[in-house]
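As structure tokens, the structure follows; a few thoughts come after it.
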Amino acid sequence: MSITPRPSVDVLIRRVDPELPLPSYEHPGDAGADLRTTVDAELAPGERAVLPTGVAIALPDGYAAFVHPRSGLAARCGVALVNAPGTVDAGYRGEIKVIVVNLDPREGVSFRRGDRIAQLVIQQVEKASFHEVAELPGSARAEGGFGSTGGHAAV
Ligand SMILES: O=c1ccn([C@H]2C[C@H](O)[C@@H](COP(=O)(O)OP(=O)(O)OP(=O)(O)O)O2)c(=O)[nH]1
Ligand SMILES: [Mg+2]
């Protein structure tokens with residue numbers, strides 16, 4: 001049985017920093033195109049920084065780009081994105097930036113210009129038309145949340 005790939009979506013991209021390569025997919029089936037930092041950065045334990053990526057994009061309406069962490073940076077260095085996933089709106093024309101944080105309690109982490117620090121995932125998004133009601137229809141979950149289904153020994 002063959003699987004049919006979805007057609008790609010056209011995204012316009014401007015290189016704010018022309019010396020660095022465009023974001024790219026490392027493998028044909030990858031979901032995220034890696035974003036690079038244009039600056040060197042040193043993060044002490046617990047420190048965060050907003051790193052520029054040197055690119056700006058224009059997405060068709062109905063799409064958004066999401067800035068996701070790279071698992072290697074998380075697993076090996078304790079680097080996370082404070083707002084993962086960062087949401088890049090279709091109409092945003094500014095430089096995409098990545099808000100990194102060093103979660104390691106003891107070791108600092110260094111980034112060098114050109115390092116791949118995050119990945120950009122493009123997705124179709126729905127636009128909601130909100131219709132206000134006084135009462136919401138009932139549901140099995142109702143107002144349960146935040147561990148309401150149990151399975152957390154600590155809670
Ligand atoms: O990780 C991120 C998140 C956002 N952005 C850019 C693109 C996005 O379209 C814009 C606004 O993001 P968001 O809506 O998350 O920020 P906000 O705090 O709500 O700012 P604003 O009031 O400008 O919407 O900032 C990034 O470059 N990187
Ligand atoms: Mg916003």
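First residue of the sequence shown? That's 1 in the UniProt record's numbering, and the numbers climb one at a time after it.
Even for Gly, the Cβ is constructed at its ideal location relative to N, Cα and C.
Could you say which of the options lies nearest to residue i if we only look at CA atoms?
{"i": "C77", "options": "L51, V16, G147 and E42", "result": "E42"}
{"i": "P105", "options": "E47, I3, E135 and G29", "result": "E47"}
{"i": "A31", "options": "D89, L120 and T4", "result": "L120"}
{"i": "D18", "options": "P7, E26, T53 and D34", "result": "Looking at the sequence shown, residue 18 is not Asp but Pro. Of the candidates P7, E26, T53 and D34, the one whose C-alpha sits nearest the C-alpha of P18 is T53."}
{"i": "R112", "options": "L12, T4, I13 and D40", "result": "D40"}
{"i": "Y63", "options": "Y92, H27 and E143", "result": "Y92"}
{"i": "Q124", "options": "M1, G138, P7 and S2", "result": "P7"}
{"i": "G29", "options": "F130, T38, T149 and T4", "result": "T4"}
{"i": "V109", "options": "E126, A153, A74 and E143", "result": "A74"}
Enumerate in chain order the residues of its own chain whose CB-to-CB distance from residue i is below 8 Å, with the five nearest sequence positions on each side excluded.
{"i": "D10", "result": "P60"}
{"i": "F146", "result": "none"}
{"i": "L136", "result": "none"}
In terms of DSSP beta bridges, what is residue i paired with?
{"i": "R6", "result": "For R6, which the question treats as bridged, DSSP gives no partner whatsoever."}
Less than 7 Å between C-beta atoms, sequence neighbours within five positions excluded: which residues of the same chain meet that for residue i?
{"i": "H68", "result": "G32, A84, P85, A118, Q119 and V121"}
{"i": "G114", "result": "L20 and R36"}
{"i": "V82", "result": "R48, I99 and V101"}
{"i": "V16", "result": "G54, V55, A56 and E95"}
{"i": "R141", "result": "none"}
{"i": "T87", "result": "A64 and F66"}
{"i": "T38", "result": "D17, L20, P52, T53, G54 and R113"}
Which same chain residues end up closer than 6 Å to residue i when comparing Cβ atoms and leaving out the 5 residues on each side of it in sequence?
{"i": "K97", "result": "V50 and P52"}
{"i": "A58", "result": "L12"}
{"i": "S139", "result": "none"}
{"i": "R14", "result": "A56"}
#### Entry: Every unbroken beta strand (DSSP E) inside the UniProt domain "dUTPase-like" (20–150) [3 residues or more]
33–36, 41–43, 48–52, 55–58, 63–68, 79–81, 86–88, 97–102, 109–111 and 116–124
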